[in-house]
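**Student:**
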Amino acid sequence: DLWHLNLSSNPLQHIQPQQFSPLCNLKTVDLNNTKMPPCACQQMTFYMRRRSIAIKNGMTNCDSSADELIYCPDVVNSTRDASDFDECNVVRETKVLNEKATSSWMIVALSILACLVAFVVLLYVCHRRNAKSTKDVQKITLSDVKPSEENGNRDTLLSYDKT
78 DLWHLNLSSN PLQHIQPQQF SPLCNLKTVD LNNTKMPPCA CQQMTFYMRR RSIAIKNGMT
138 NCDSSADELI YCPDVVNSTR DASDFDECNV VRETKVLNEK ATSSWMIVAL SILACLVAFV
198 VLLYVCHRRN AKSTKDVQKI TLSDVKPSEE NGNRDTLLSY DKT
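Position in the sequence shown counted from 1, then plus 77, gives you the numbering used here.
1. In whole angstroms, give me the CA-to-CA distance for A186 and S180.
2. So what's T179 in DSSP terms, helix, strand or just coil?
3. Taking the C-alpha atoms as reference points, what is the distance between A178 and N83?
4. Between which residues of its own chain and T137 is the CB-CB distance below 8 Å, once the five residues before and five after are set aside?
5. Would you list the residues sitting across from H244 in a DSSP beta bridge?
6. Below 8 Å on the Cβ atoms is my guess for N87 versus R169; work out the distance and round it to an integer in Å.
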């Protein structure tokens, strides 16, 4: 997940472009005040351009004579470079797919949780409505009962429930 690499102010003697192959997310390399041999500089510049990696602040030794640059060997093993880069891309794509799957499952779980909360709220509202209507029925029933003089209201209520 490296996006920016800062190699500024380093005396790089033995750097090869394919060392950057596993860094498929790399977008910029800062090479400010970096000293390296002319051939290595040429190879790095070519490699970075091929991979669309921006070089910030340039390199200081790339301005060698044309004779020195003609004899620079091409050290990039394109087969190994491509396989490392492809492997990095596969890992990156796998991570992206895993993140999408995780977010999808989170959405499903939150949807189920929202449905459960809505169901519990609905049950509570129904319970409160039934409790209120039960109280209203009891109030009506108690107001219809006439007080008895013999044993009080207890006998009247007990006889009223049986009928």
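Using N, Cα and C, we set each Cβ at its ideal position, and we do this for glycine too.
**Tutor:** A quick look at the data gives this:
1. 10 Å
2. helix
3. Each residue's CA atom was taken as its position, placing A178 and N83 some 34 Å apart.
4. Residue confidence is low: T137 scores 49 on pLDDT, short of 50, so the model does not pin down where it sits. No coordinate-derived value is stated.
5. The structure shown does not extend to residue 244, since the chain spans only 78 to 240, so no value can be given for it.
6. N87 to R169, Cβ: 27 Å. No contact.
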